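To start, the structure itself, in structure tokens.
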Amino acid sequence: AEYELRAAAGWARARLEAGCRHIGIVVPDIAAHRAAIVRVFSATMAPDYALPDAAPGVPPFNLSLGEPLTAYALVNAALALLQLAGRTIEYERASRILRSPFIAGAESERTARAVLDIRLRQHAEPVITLDALCGMLGGACPQLSRVLTRLSQFRKDRLFGAQAPSAWARAVSDALALTGFPGERTLDSFEYQALKRWHDVVAAFAALDRVVPKMGYAGALSRLRRLADDTLFQPESPDVPIQILGVLETSGLTF
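In my numbering, the protein residues as written are 36 to 290.
What follows is the structure, given as structure tokens:
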């Protein structure tokens with residue numbers, strides 16, 4: 036299977052270089068091979084997808100199959116921040132928050148936060164709480180310290196007790212806003228689309244009041260994560276010459 040994917044990717048690149056602009060790759064059971072397809076085709080089209088008429092930084096291929104919304108870095112960061120506001124979080128996951136581009140001060144403190152993460156790895160327990168993390172920061176990253184301190188206070192004020200899904204949806208949105216989510220840099224097209232889809236998922240969660248009883252924060256976060264994980268998302272991509280599809284999607288198409 037690996038050899039076949041590499042052969043298909045090499046053939047597609049050769050067709051591109053020959054001037055073809057409407058190329059189809061049909062993959063039976065495409066869902067089972069999605070990760071391998073992306074890896075092989077990305078490597079074959081590299082470096083920098085330097086092919087005729089290629090848009091800068093945009094791969095010349097598109098898959099017809101989406102991924103769970105939780106697979107996208109922006110949504111994963113949102114869920115990690117919300118987990119940090121809960122009882123405990125694995126340090127490996129907290130470490131990604133320290134280095135995440137999706138919270139306030141990520142650009143201006145990028146180097147200092149990377150150094151801080153290296154230092155904390157030498158002392159942190161495998162599982163950590165938000166208050167413990169705040170106490171370990173020191174003065175190396177003042178913006179990060181302010182963000183997590185605000186989140187800690189918000190946790191005490193808003194994230195205890197049983198509430199309806201709509202109330203938890205408001206709390207979740209307010210908690211993320213306190214952290215500066217989705218960050219200070221301009222989002223790219225895929226990140227912006229993922230952010231909009233995340234907002235849709237939070238709105239869908241808020242609409243569960245009539246069918247879901249009041250719950251605690253841990254239960255609310257678990258249900259919200261499942262909703263995001265069950266949401267398949269495929270960002271709209273520019274018009275690219277290579278379409279990678281499952282068998283059913285090819286009906287009526289020509290290449």
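Cβ atoms here follow ideal geometry from the backbone N, Cα and C, with glycine treated the same way. Since we're looking at a predicted model, the values are computed, not measured.
| Query | Result |
| --- | --- |
| Taking three-plus beta-carbon pairs below 8 angstroms as touching, is the segment 190-198 in contact with the segment 212-232? | no |
| Tell me the DSSP bridge mates of Met250? | Gln198 |
| Taking only the alpha-carbon atoms, compute the straight-line gap between Ala47 and Pro94 and give it to the nearest angstrom. | 13 angstroms |
| Cβ atoms of Gln278 and Gly101: under 8 angstroms apart, would you say? | no |
| Mind checking who Gly59 pairs with in its DSSP beta bridge? | Gln278 |
| Does the Cβ-Cβ distance between Ala53 and Val75 come in under 8 angstroms? | no |
| Under 8 angstroms by Cβ, that's how I've got Ser187 and Cys169 pegged, so tell me the actual separation to the nearest angstrom. | 6 angstroms |
| For Phe240, report the span of its alpha helix (DSSP H) as first-last. | Ser224 to Ala241 |
| In three-state terms, what does DSSP make of Ile124? | strand |
| Residues in its own chain within less than 7 angstroms of Gln228 by CB, not counting five upstream and five downstream? | Pro270 and Glu271 |
| If you drop the 5 nearest sequence neighbours on each side, which residues of the same chain put their C-beta closer than 6 angstroms to that of Arg128? | Ala115 |
| So Val110 and Trp233 are in contact, right, with Cβ under 8 angstroms, and what is the actual spacing, rounded? | 5 angstroms |
| Using the Cβ count rule (16 or more neighbours within 10 Å means buried), how would you classify Arg122? | exposed |
| Looking at the structure shown, is Phe189 part of a helix, part of a strand, or coil, going by DSSP? | helix |
| With a CB to CB cut of under 6 angstroms and the five nearest residues on each side skipped, what residues in its chain are close to Ser180? | Leu172 |
| How big is the Cα-Cα spacing for Thr79 and Asn97? | 14 angstroms |
| What three-state label does DSSP hand Phe162 in the structure shown? | The displayed chain sequence assigns Val, not Phe, to residue 162. DSSP places Val162 in strand when its eight states are reduced to three. |
| What residue does the beta strand (DSSP E) around Phe96 start on, and which one ends it? | Phe96 to Leu98 |
| Going by other Cβ atoms of all chains shown within 10 Å of its Cβ, with 16 needed for buried, is Gln157 buried or exposed? | exposed |
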